[in-house]
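Asker:
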Amino acid sequence: MFNSPQTPRRIPRVMNVPGTVSEVDGFKTNAGDFDALSSECCGKKIIVANFLPLQAQKDIKSGRWSFGFDEDSLLLQMKDGIASDTDVVYVGSLKVDVDPSEQDEVSGRLLKEFNCVPTFLPPDLQKYFYHGFCKQYLWSLFHYMLPMFPDYGNRFDRFLWQAYLSANKIFADKIMELLRQQPELQGKVVLVQILNPARSNGKDVQEARREIYQSTQRINDVFGCPGYEPVVLIDGRVPFYEKTAYYACAECCIVNAVRDGMNLVPYKYIVCRQGTSKMDEALQIAAGSPRMSMLVVSEFIGCSPSLSGAIRVNPWNVDAVADALNMAITMPDVEKQLRHEKHYRYVSSHDVAYWARSFMQDLERACKEHYRKNCWGFGFGMSFRILSLSPSFRHLSVGDIISAHGRTCRRAIYLDYDGTVVPHSSIPKSPSPEVILVLNILCRDPKNTVFIVSGRGQNSLSDWFAQCENIGIAAEHGCFIRWSRTSEWETIPVAADFGWKRIAEPVMKLYTEATDGSYIETKESSLVWHHQDAYPDFGSRQAKELLDHLESVLANEPVVVKRGRQIVEVKPQGVTKGLVTEKILSTMTSNGKPPDFVLCIGDDRSDEDMFESISNAAYISSLPVPPEIFACTVGQKPSKARYYLDDTIDVLKLLKSLAAASSSTTSTSHTKTEVSFESCA
Ligand SMILES: O=P(O)(O)OC[C@H]1O[C@H](O[C@H]2O[C@H](CO)[C@@H](O)[C@H](O)[C@H]2O)[C@H](O)[C@@H](O)[C@@H]1O
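Under the working numbering, the letters of the sequence shown match residues 16 to 696, in that order.
#1: Since A343 and M307 are thought to touch, with beta carbons under 8 Å apart, how far apart are those beta carbons, to the nearest angstrom?
#2: Quick one: what does DSSP say P68 is sitting in, helix, strand or coil?
#3: Just reading off the alpha helix (DSSP H) that E323 is part of, what are its end residues?
#4: Is K608 near R425, with beta carbons less than 8 Å apart?
#5: Comparing C-alpha positions only, which one of V312, N329, I190 and H410 sits nearest to D661?
#6: Quick one: grab the DSSP three-state call for R360.
#7: Just curious, the beta strand (DSSP E) that A490 is in, first and last residue?
#8: Cα separation between I178 and M191?
#9: Tell me whether Q197 sits in a helix, a strand or coil according to DSSP, three-state version.
#10: Could you tell me the alpha carbon to alpha carbon distance between R170 and W176, rounded to whole angstroms?
#11: If you draw a straight line from the alpha carbon of E379 to that of Q651, how long is it in whole angstroms?
#12: I need the DSSP call for G123, collapsed to helix, strand or coil.
#13: Do the CB positions of R578 and R517 come within less than 8 Å of each other?
#14: Distance, Cα to Cα, L69 vs I97?
#15: Is the beta carbon of V575 within less than 7 Å of some heavy atom of ligand 1?
#16: How far does the alpha helix (DSSP H) with K12 in it extend, from its first residue to its last?
#17: Mapping the DSSP letters down to three states, classify A646 as helix, strand or coil.
#18: K189 to E356, Cα distance in whole Å?
#19: Would you call the CB atoms of H564 and V613 closer than 8 Å?
#20: Looking only at its own chain, which residues have a Cβ that is under 7 Å from the Cβ of R252, when we skip the five neighbours before and after it?
#21: Going by alpha carbons, who is nearest to G487 out of A511, N455, G514 and W515?
#22: Got a sec, what are the start and stop residues for the beta strand (DSSP E) I442 sits in?
#23: So V113 and F135 are supposed to be a Cβ contact under 8 Å. How far apart are they, rounded?
#24: If you measure from the CB of Q547, is any heavy atom of ligand 1 nearer than 7 Å?
#25: Evaluate I530 with the Cβ neighbour count: other Cβ atoms within 10 Å of its Cβ, from every protein chain shown; 16 or more gives buried, anything less gives exposed.
#26: N463 lies in the alpha helix (DSSP H); which residues open and close that run?
#27: From Q92 to A302, what does the alpha carbon distance come to, in whole angstroms?
#28: For Y262, count neighbouring Cβ atoms within 10 angstroms of its own Cβ and tell me buried if that reaches 16, exposed if not.
#29: Note down, one range per segment and in chain order, each beta strand (DSSP E) of at least 3 residues found wholly within the segment 228-273.
#30: May I ask you to list the residues that DSSP assigns as paired with N389?
#31: Kindly indicate which residue of N341, S313 and T537 has the alpha-carbon position closest to the one of V328.
#32: Per the contact definition of three or more C-beta pairs closer than 8 Å, is the segment 74-91 in contact with the segment 201-218?
#33: Rounded to whole angstroms, what is the Cα-Cα separation between P641 and M397?
#34: May I ask which residues mark the beginning and end of the beta strand (DSSP E) holding S81?
#35: Where does the unbroken beta strand (DSSP E) through W544 begin, and where does it stop?
#36: Let me confirm a value: K687 is counted as buried when at least 16 other C-beta atoms fall within 10 Å, else exposed. Which label applies?
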């Protein structure tokens, strides 16, 4: 609002009184931090006041400023009460206005000559902050009076309050600069900033260059002295041999781009620091002497993951970068050597040829399978996808299934519900009369054991299949199993403690609030978050995030978090549709009816467990005769199933043929059944 200088720094620590360090802005402090700060502060005292104890005058003719201590200032006299070996620094404003173009130079002089750090509040800000908020509000309140407002606004003037905050922020920033830009390094550290020629010449490039020049000037004015420039700017192309020399000399290299592909500067730096015998000779380094290097790299650059000895920083966090540089410079030599060895080992063993070799291997591995698969491209633009499927993946033909039906007499048939016997798009979720009829015919054949295996709850499924007396139902992914309408529900033994719901539900609620159209379904053994009605892309993104979130908060609970079609579901560990097929198989076997035909149809991820389980060698070898197995997914997509059917219509067609085959082998109802199909079609 006052165009006051903004600083990108957050204030990480605020020291109140000795022994108390408050935590601000999410930064935790520990004893080590405090020790470091307090020992640093023992030799330095910062006195902060509205005005510096200085007198200032500008010579009108020469335009030169002259400064001197204001001997009458109490602040100055305070110094007499402080131990003489203490470095006393003053922070405050000057009583005169200094043009912004002169402020850097004046700052440099005042710090060097008077140990003073000027705050340079813009004149308006000074007026509103001091004469406005301090005098009108604070002064009255501290004198047990209600604020009086002859010149300024109402009982509370937000504008003045903001001026007060802005002014305090400027003071706080100055203090933090002192607490943090390590005076012992002054005169010893030089930053060589190489500006490689930009590949374009836009306005932004010019602005960035101007800013770099200004910052360099400011830093050098404040911290430089004759013969010492803390920042050396090299603007333009630097020949290879010269760059090699810079890298070889630099004790630390910083590459803190906010993003890049594969910047090789850190690798080159490591190699140069290792040197060669020729370089050793030129630099008069004894052969075999230990090498050291220190890297500070942005966590967002391509080579960052490979440099495990580097100090990684977030380049947007100016404080972290400053700390990292200080750490790099002051680290003990032994550690610098160890880090260098680590880096050099990596760089020298992972050269370009190594990269090319490993890339070729990956490429071959990835393509190996492709040659054995059939590929289809579908979709357009960003939705374009390539689907690669094994050539043995084929449509389940009615002919195949009918001939297998004829050869077998103990058939296990597992059918998923949503997306298999009922289309996902169906508004009534109940099965059509035609489905009920087909299933009833299949169930009537004593050679068939038919199960609906679904993620849906017991109540919905038993209502929907109330007219199917002999159908088996596995509800909630098999947590509850019933062999026929009249038999009792069996429960798969899972952990009885559903305490995890108290953890999962609030998390799901958060995502429900944030995702319009989503909702939570509570089942007996599980919780489901649905996003079918949410905005499609957003819903899917939220689902991915929710899955991660739930997996981390439920890591120690006896549950699994799974994605299904437009859902994220939390269910007890060990409950899968695959387990259902195993359980039914073992019951059939112990009842003297080991299956010789297994048909399993499903469309969703949870159905993959069934496909895996029935195709499993252990499953097959546990049976006296290897069964004919038909694992079939709905829709052409990567699957563990060997067969596919196109959609629910195709599924029903196949089931009808199977039912017709079954009814033809069961004596009485043949004609009646065929008539019924036609009337329902
Ligand atoms: O195993 P299934 O028979 O395929 O059942 C799986 C899930 O079915 C239900 O969700 C599905 O239908 C919802 C509409 O009714 C739809 O919004 C969702 O996208 C589908 O996945 C059921 O609500 C879930 O509990 C089942 O796990």
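The beta carbon of each residue, even a glycine, is placed where N, CA and C say it ideally should be.
Answerer: Looking at the coordinates:
#1: In the sequence shown, residue 343 corresponds to position 328, counting from 1. In the sequence shown, residue 307 corresponds to position 292, counting from 1. Their Cβ separation, rounded to whole angstroms, is 11 Å, which puts A343 and M307 out of contact at 8 Å.
#2: Translated into positions along the sequence shown, residue 68 becomes position 53. Reduced to three states, the DSSP call for P68 is coil.
#3: Within the sequence shown, residue 323 is the residue found at index 308, counting from 1. Note that residue 323 corresponds to Ser in the displayed sequence, not to Glu. Premise fails: S323 is in no alpha helix (DSSP H) and is neither H nor E.
#4: By 1-based counting over the sequence shown, the position of residue 608 is 593. By 1-based counting over the sequence shown, the position of residue 425 is 410. Contact: yes.
#5: What you label residue 661 is simply residue 646 of the sequence shown in a count that begins at 1. If we check each option's Cα against that of D661, H410 comes out closest.
#6: Position 345 of the sequence shown, counted from the start, is the residue given in the question as residue 360. In this structure, R360 counts as helix in the three-state DSSP scheme.
#7: Here residue 490 refers to the residue found at position 475 when the sequence shown is read from its first residue. Unbroken beta strand (DSSP E) run through A490: G487 to A490.
#8: Position 163 of the sequence shown, counted from the first residue, corresponds to residue 178. Position 176 of the sequence shown, counted from the first residue, corresponds to residue 191. Here residue 178 is Ala; the residue named in the question, Ile, does not match the sequence. Approximately 20 Å, taken between the alpha carbons.
#9: Your numbering for residue 197 matches position 182 in the sequence shown. Q197: coil per DSSP, three-state reduction.
#10: The residue you call residue 170 lines up with position 155 of the sequence shown. The residue you call residue 176 lines up with position 161 of the sequence shown. Distance between the alpha carbons of R170 and W176: 12 Å.
#11: Position 364 of the sequence shown, counted from the first residue, corresponds to residue 379. Position 636 of the sequence shown, counted from the first residue, corresponds to residue 651. Taking the straight line from one Cα to the other gives about 26 Å.
#12: Position 108 of the sequence shown holds residue 123. Helix, per DSSP.
#13: By one-based count along the sequence shown, residue 578 stands at place 563. By one-based count along the sequence shown, residue 517 stands at place 502. For R578 and R517, no; Cβs fall outside 8 Å.
#14: Position 54 of the sequence shown, counting from 1, holds the residue named residue 69. Position 82 of the sequence shown, counting from 1, holds the residue named residue 97. So the two alpha carbons sit approximately 19 Å from each other.
#15: Taking the sequence shown and counting its residues from 1, the one referred to as residue 575 is at position 560. V575 Cβ: outside cutoff for every heavy atom of ligand 1.
#16: The requested residue 12 does not occur in the structure, where the chain is confined to residues 16 to 696.
#17: Locating residue 646 in the sequence shown gives position 631, counting from the first residue. Here A646 sits in strand by DSSP.
#18: Reading the sequence shown from its first residue, position 174 is the one you call residue 189. Reading the sequence shown from its first residue, position 341 is the one you call residue 356. Taking the straight line from one Cα to the other gives about 40 Å.
#19: To locate residue 564, count along the sequence shown from 1; it is residue 549. To locate residue 613, count along the sequence shown from 1; it is residue 598. No, they are not a contact pair.
#20: Here the question's residue 252 lines up with position 237 in the sequence shown. Closer than 7 Å at Cβ, skipping near neighbours: P212.
#21: As a position in the sequence shown, residue 487 is number 472, starting the count at 1. When only C-alpha atoms are compared, the closest one is N455.
#22: Looking up residue 442 in the sequence shown gives position 427. Taken as a continuous stretch (DSSP letters only), I442 belongs to no beta strand (DSSP E), as it is neither H nor E.
#23: For the purposes of this step, residue 113 is identified with residue 98 of the sequence shown, where counting begins at 1. For the purposes of this step, residue 135 is identified with residue 120 of the sequence shown, where counting begins at 1. Confirmed, Cβ separation roughly 6 Å.
#24: Along the sequence shown, one-based indexing puts residue 547 at 532. Result yes, Cβ under 7 Å from ligand 1.
#25: Here residue 530 corresponds to residue number 515 of the sequence shown, with the count starting at 1. The sequence shown places Thr at residue 530, rather than the Ile named in the question. Buried, since its Cβ has 16 or more Cβ neighbours within 10 Å.
#26: Residue numbering aside, residue 463 sits at position 448 when the sequence shown is read from its first letter. No alpha helix (DSSP H) contains N463, which is instead part of the beta strand (DSSP E) from N463 to V468.
#27: Looking up residue 92 in the sequence shown gives position 77. Looking up residue 302 in the sequence shown gives position 287. Straight-line Cα distance between these residues: approximately 59 Å.
#28: Within the sequence shown, residue 262 is the residue found at index 247, counting from 1. With 16 or more Cβ atoms within 10 Å of its Cβ, Y262 is classed as buried.
#29: 246-250 and 268-270
#30: Mapped onto the sequence shown, residue 389 falls at position 374. For N389, which the question treats as bridged, DSSP gives the partners L404.
#31: Residue mapping note: residue 328 aligns to position 313 of the sequence shown, counting from 1. For the residues N341, S313 and T537, the minimum Cα distance to V328 belongs to S313.
#32: no
#33: Start at 1 with the first residue of the sequence shown, and residue 641 comes out as number 626. Start at 1 with the first residue of the sequence shown, and residue 397 comes out as number 382. C-alpha separation (whole angstroms): 46 Å.
#34: Here residue 81 refers to the residue found at position 66 when the sequence shown is read from its first residue. Looking at the DSSP string, the run of the beta strand (DSSP E) that includes S81 is W80 to F84.
#35: Numbered from its first residue, the sequence shown carries residue 544 at position 529. Start and end: L542 to H545.
#36: The sequence position of residue 687 within the sequence shown is 672, counting from 1. In this prediction, K687 has a pLDDT of 45, which is less than 50 and means its spatial position is unreliable; nothing more can be read from the coordinates.
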